[in-house]
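Trainee:
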Amino acid sequence: MSQWDLSIFYPDFEAWQKDVDLFESRIDEFSAFKGKLSTFEGFRDYILLEEEITQLLYKVYPYAHLAADLNLRDNVLGSKYQSVLLKLSKLSQVTSYFSPEVIAAGSDLILSFVEKDARLQPYKFVIEKLFHQQEHVLSDDNERILAFHSPISSVPTSMYNALAVGDRSDEEVLLSTGEKMKITTANYRSILPTLKNPADRQLVFEAAFKRYKDNKNAFANLYNLVLQNLAASYKSRGYSSALEAKLFGNNIPVSVFMNLKDVAYENVGPIKRYIKLRQKYLGLDKYHTYDRFLKLAESNTKYPYADAKKMFFEALEGLDPEFVKNEQRALEDGFVDVLPKDGKRTGAYSSGFYGWHPFILLNHDETLDSVFTLAHEAGHSAHTIFSNEAQPMAIADYVIFVAEIASTFNEHLLGDYLLSKATSKEDKIVLLENEIDGIMATFFRQTLFATYEYEANKLVEKGIPITEGALSKIMIDLYKHYYDIDITEENGKQYVWAYIPHLFHTPFYVYQYATSYSASLKIYENVKKGVPNAMSNYIKMLKAGGSAYPVDIAKIAGADLTDKQTFLAVINRFNELIDQLEDVLKS
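Under my numbering, the first residue of the sequence shown is numbered 842, with each subsequent residue one higher.
1. List the DSSP bridge partners of lysine 1023.
2. Give the straight-line distance between the Cα atoms of leucine 1036 and phenylalanine 1046, rounded to the nearest whole angstrom.
3. In angstroms with no decimal places, state the Cα-to-Cα distance between proline 1181 and leucine 913.
4. Based on DSSP bridge pairs, tell me the residues matched to phenylalanine 1098.
5. Since leucine 1273 and leucine 1422 are thought to touch, with beta carbons under 8 Å apart, how far apart are those beta carbons, to the nearest angstrom?
6. Strictly under 8 Å for the Cβ-Cβ distance: is glutamate 891 near chain C by that measure?
7. Output the distance between the C-alpha atoms of threonine 1208 and glutamate 1276, rounded to the nearest integer angstrom.
8. My output table needs one value for phenylalanine 1200: the three-state DSSP class, helix, strand or coil.
9. Express the C-alpha separation of serine 1074 and valine 978 in angstroms, rounding to a whole number.
10. For tyrosine 1293 and methionine 1316, what's the separation of their Cα atoms in angstroms?
11. Using alpha carbons as the reference points, say which of Gly876, Tyr1295, Glu1309 and Leu897 lies closest to methionine 1099.
12. Here's a check: name, in chain order, each residue in its chain whose Cβ is nearer than 6 Å to the Cβ of threonine 998, leaving out the five neighbours to either side.
13. Okay, do the segment 1371 to 1384 and the segment 1322 to 1334 touch, 3+ Cβ pairs below 8 Å being the bar?
14. Beta carbon of threonine 1403, beta carbon of valine 1104: below 8 Å?
15. If leucine 1202 sits next to alanine 1189, beta carbons under 8 Å apart, how far is it from one beta carbon to the other, in whole angstroms?
16. Got a sec, what are the start and stop residues for the alpha helix (DSSP H) serine 920 sits in?
17. Give a yes or no on whether the C-beta atoms belonging to leucine 897 and phenylalanine 864 are separated by under 8 Å.
18. Roughly how many whole angstroms lie between the Cα atoms of leucine 971 and serine 940?
19. Give me, in chain order, the residues of the same chain whose beta-carbon lies closer than 6 Å to that of phenylalanine 874; leave out the 5 immediate sequence neighbours on both sides.
20. Just curious, the beta strand (DSSP E) that tyrosine 1190 is in, first and last residue?
21. Nearest to isoleucine 993 by alpha carbon, out of Tyr1064, Pro963, Ser1010 and Pro1039?
22. Assign glutamate 1245 to one of two classes, buried (16 or more other C-beta atoms within 10 Å of its C-beta) or exposed (fewer than that).
23. Give the DSSP-derived three-state secondary structure of aspartate 1178 in the structure shown.
24. Check whether the segment 1300 to 1316 touches the segment 1233 to 1245, counting contact only when three or more Cβ pairs, one atom from each stretch, lie closer than 8 Å.
25. Looking at tyrosine 1365 and the ligand NAD, is the gap between the Cβ and the nearest heavy atom below 7 Å?
26. Alpha carbon to alpha carbon, how far is isoleucine 1394 from phenylalanine 1408?
27. Under 7 Å Cβ to Cβ from valine 943, same chain only, skipping five residues before and after it: list those, please.
28. Since I believe serine 1361 is in contact with phenylalanine 1285 (beta carbons under 8 Å), could you give me their beta-carbon distance rounded to a whole number of angstroms?
29. Look up isoleucine 1341 in the DSSP assignment and say whether it is helix, strand or coil.
30. Look at isoleucine 1226 and glycine 1387 and say whether their C-beta atoms are less than 8 Å apart.
31. Would you call valine 1179 buried or exposed, if buried means 16 or more other Cβ atoms sit within 10 Å of its Cβ?
32. How far does the alpha helix (DSSP H) with glycine 1110 in it reach, from first residue to last?
33. Are the CB atoms of threonine 1077 and leucine 929 nearer to each other than 8 Å?
34. Please report the Cβ distance between histidine 1217 and serine 1211, rounded to the nearest whole angstrom; I am assuming they are in contact, meaning their Cβ atoms lie under 8 Å.
35. Could you give the residue range of the alpha helix (DSSP H) that holds serine 994?
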């Protein structure tokens, strides 16, 4: 079965609606606890009610969310999903008194309540995190005012989906061969490597990016809304910047972000070396950003989903049995929606909710990249399974900062396995190129986008108007520094900031691909070298969920992200792989 079975939640939307109505009707029950959280009974009963209603939410939300993502063109599905978001907003408003009231009661009293009842003890770290943020929690009235504005925070996501996916019309191009092709964001990346004519590649690229160029002002205004939301929030809560506001809650030092940004920015030499190597062996007069999809070795191999899954499972052989079992569970039938469909959300993700098996969305196009995407998302789902089964609901949810460790660990694992099986020069080139491109995409490219976010937020801090020109200039400068490529010569590329949905959906998310990649490489190298307890410590990390701050959780598995050397190790690995590729190309 290559599609989701959402009937595990509800047989139909009629049954779903009954629980949505129940969820909404119970929201007002929280009002009864206002002013009573400084008593043991009041605090205990509030927490237990929250648990009960959260369990209901973890059923109604994913059903609507997942169904909507299967067809973003279906306005009925979209409206049902939006209705849940509105009820979440109402819940946020009704419960806005919780944090100020708990903080006013004092940590000693509240933590004494937690110790008094076994059902509350899982919330100890949650309460400690709340008091960690104490200085940034406002008065009851002010929290309530901010809660009234919370629906605005979901507007950029829904508007972006409507503009980038729902209302788009895909371009049709006429290639030099006489063939007509419809170009979508889901297929253009797999089409580009098949095109030998540079003019055809340019045509396909421009078709894919045309919607971003044509709607550049709309996207810029939409991104301005994202930035202004961030600014309003961090200023209201007394943070020094949007970046600090995003890091503080999880106790992530700003230096972690800055070290990553600086290491990538100061070590772009190997990138330019790799591009020159590619340009030479591909015989290109000029190198464009979309030429990154061209392959140094020909491979017409297609990887149907069943074969890709089999290859991944073979790569797991010999590892810890518990680890293998949960990776296999991640890809069980009914929990993976495999193929691209009209209107389906692009890209890939794993979506997990406590008490339920996680769901994976793929747009499997039978390329080698899609095999690695399968392994990547399986890592996320396995991580969710580990944490949900090891931790109570209160602290099972791991944060974004560590989320990409499990996924990129799987990519290292699959890459080494496939390279070990490679016998021909062509296969070795394909796999080395894939691993190098993995570092290019996950470490360097995501850090470039994170740097863009950092610079865009600085514009707001300085009171500089947010226009498509201002946003594009940041990207133009970064691409010139990182790749020595002038993207103004590529029609549409300077609007790549509008192409990246994460920038609109989850600000200051993408840098964590790079931090997680760095951590996972360290962990994987330890496992591969047989460092004592490396694998068992990794599994401990996967089981830790959200039971500690993320930097500390990564340290459980042997990855210290406060150390600049962890990031520099990726640079060293990158150089080593380029050396290997040069040797194979010369052989």
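Here a beta-carbon is modelled for each residue, glycine too, at the ideal position from N, C-alpha and C.
Mentor: Based on what the coordinates show:
1. DSSP output for lysine 1023 lists Glu1013 as bridge partner(s).
2. 11 Å
3. 13 Å
4. Looking at the DSSP assignment, phenylalanine 1098 forms no beta bridge with any residue, so it has no partner.
5. 5 Å
6. Any reference to chain C falls outside this structure, which holds one protein chain only.
7. 15 Å
8. strand
9. 11 Å
10. 7 Å
11. Tyr1295
12. Within its own chain, the residues whose Cβ lies closer than 6 Å to the Cβ of threonine 998, once the five positions on either side in sequence are excluded, are His1346, listed in chain order.
13. no
14. no
15. 6 Å
16. 916 to 935
17. yes
18. Between the alpha carbons of leucine 971 and serine 940 lies a gap of roughly 7 Å.
19. Gly883 and Tyr887
20. 1190 to 1192
21. Tyr1064
22. buried
23. strand
24. no
25. The ligand content of the structure shown is nil, which means the ligand NAD is not present either.
26. 17 Å
27. Leu878, Ile951 and Leu971.
28. Taking C-beta atoms under 8 Å as the contact rule, phenylalanine 1285 and serine 1361 fail to qualify, at a distance of about 16 Å.
29. coil
30. Cβ distance not < 8 Å, so isoleucine 1226 and glycine 1387 don't count as in contact.
31. buried
32. 1110 to 1123
33. Per the sequence shown, the amino acid found at residue 1077 is serine instead of threonine. Not closer than 8 Å, so no.
34. 10 Å between Cβ atoms; not a contact.
35. Per DSSP, serine 994 belongs to the alpha helix (DSSP H) from 991 to 1002.
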